[in-house]
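Numbering (this note's numbering), first residue to last: 8 to 366.
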């Protein structure tokens with residue numbers, strides 16, 4: 008354990024615990040998760056002179072950030088460390104796996120190298136997983152752990168996250184997928200970290216929408232009202248404050264309609280209502296894009312509906328018959344149509360580049 012910096016009891020306790028059990032460390036941002044990771048990694052680096060220690064982070068910038076931080080904390084010789092991302096050639100990565108002992112990489116790189124046999128899985132003694140809350144479903148973190156246990160059970164997992172999950176079910180998935188045996192959880196109010204927490208001052212800045220965006224938002228709300236009004240009249244959508252509705256609330260209303268349909272609504276009427284729900288869900292998704300991302304994102308989403316690429320034939324036809332919608336769509340097209348081909352070319356180039364990469 009480093010003696011060249013002040014000892015924080017909670018960091019010492021968590022580091023010690025993580026040496027002997029697969030641990031999920033949940034600490035608020037800025038309280039030293041990387042420090043704990045560096046301590047654990049260095050101990051396994053010393054204990055297993057021929058073993059490999061791996062730090063995984065989901066993005067290239069995080070990988071680069073962590074390798075610098077770990078070097079500064081524990082001083083592992085730089086000649087023993089290496090950073091690998093998808094841009095590192097496959098044959099180069101194989102050489103790095105053979106010659107280096109402490110690897111910093113993205114999880115997809117490790118999945119690819121495990122499947123190719125380039126990664127010496129049996130030699131891995133410590134696996135650190137940053138942003139561990141992403142370990143859900145078939146995310147690359149989960150694939151890595153599943154592949155490693157095919158070769159060895161003798162490795163330690165240290166998972167790091169400021170926010171372990173949105174609910175109990177998500178947290179349990181992370182625990183299961185990463186073979187976690189214990190959780191070290193601290194909040195900003197935990198007694199042992201209060202001395203190192205600082206009061207945050209939050210300043211709220213309200214930025215006006217601007218005349219053009221406000222006008223488009225007003226028109227879009229009118230379009231929403233014209234389509235949601237029918238659902239309200241049929242008593243399948245109870246909330247009437249159209250501007251404050253969300254896509255999720257529309258989905259909940261649709262699910263409720265499916266579970267408990269009115270006896271007065273039968274046959275073809277059910278299909279009509281399902282179609283109206285589908286249009287409203289699409290429109291409210293566009294509304295969220297307008298509020299969060301701006302007019303250009305809304306335009307590209309609406310393009311997907313109107314050119315048929317999203318497969319929403321009924322929505323396309325219904326919207327095409329709405330005069331207000333078509334005026335808005337044509338207005339956005341005048342503003343952003345010239346950027347559409349450029350964006351499409353960029354996406355195509357990225358996709359082609361991915362196809363040409365050899366992992």
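Heads up, the beta-carbon is just placed ideally off N, CA and C, and yes, glycines get one too. Bear in mind that the values here come from a model prediction, so they are computed numbers and not experimental data.
Asked, Found
"To which residues does DSSP link residue 252 through a beta bridge?", "Residue 252 pairs with nothing; no bridge assigned."
"Buried or exposed: residue 6, going by 16 or more other Cβ atoms within 10 Å of its Cβ?", "Any answer about residue 6 is impossible in this case: the structure gives the chain only from 8 up to 366."
"Check whether the stretch 187-198 touches the stretch 25-38, taking contact to mean three or more Cβ pairs, one atom from each stretch, closer than 8 Å.", "yes"
"Could you tell me the boundaries of the alpha helix (DSSP H) in which residue 90 lies?", "Residue 90 -> not in any alpha helix (DSSP H); beta strand (DSSP E) instead, spanning 88-91."
"Where does residue 62 sit, in a helix, a strand or coil, going by DSSP?", "strand"
"What is the DSSP secondary structure of residue 243, reduced to helix, strand or coil?", "coil"
"Go ahead and label residue 18 buried or exposed: buried means 16 or more other beta carbons lie within 10 angstroms of its beta carbon, across all protein chains shown.", "buried"
"Can you name, in chain order, every residue of its own chain whose Cβ lies under 7 Å from the Cβ of residue 70, other than the five neighbours on each side?", "64, 90, 92, 111, 112 and 113"
"Give me the Cβ distance between residue 234 and residue 290, rounded to the nearest whole Å; I'm assuming they're in contact under 8 Å.", "6 Å"
"Does DSSP put residue 111 in a helix, in a strand, or in coil?", "strand"
"Mind pulling the alpha helix (DSSP H) runs of 4 or more residues that sit fully within the stretch 104-189?", "114-123, 147-155 and 175-184"
"Assess contact between the stretch 167-176 and the stretch 119-134, defined as three or more Cβ pairs (one per stretch) separated by less than 8 Å. Is contact present?", "no"
"Quick check on the DSSP output: the alpha helix (DSSP H) that includes residue 46 runs from which residue to which?", "40-54"
"When the Cα atoms are used, what is the spatial distance from residue 367 to residue 229?", "Since the displayed the chain opens at 8 and closes at 366, residue 367 lies outside it and no answer follows."
"Using 10 angstroms around the beta-carbon of residue 278, count the other beta-carbons present and answer buried if the total reaches 16, otherwise exposed.", "exposed"
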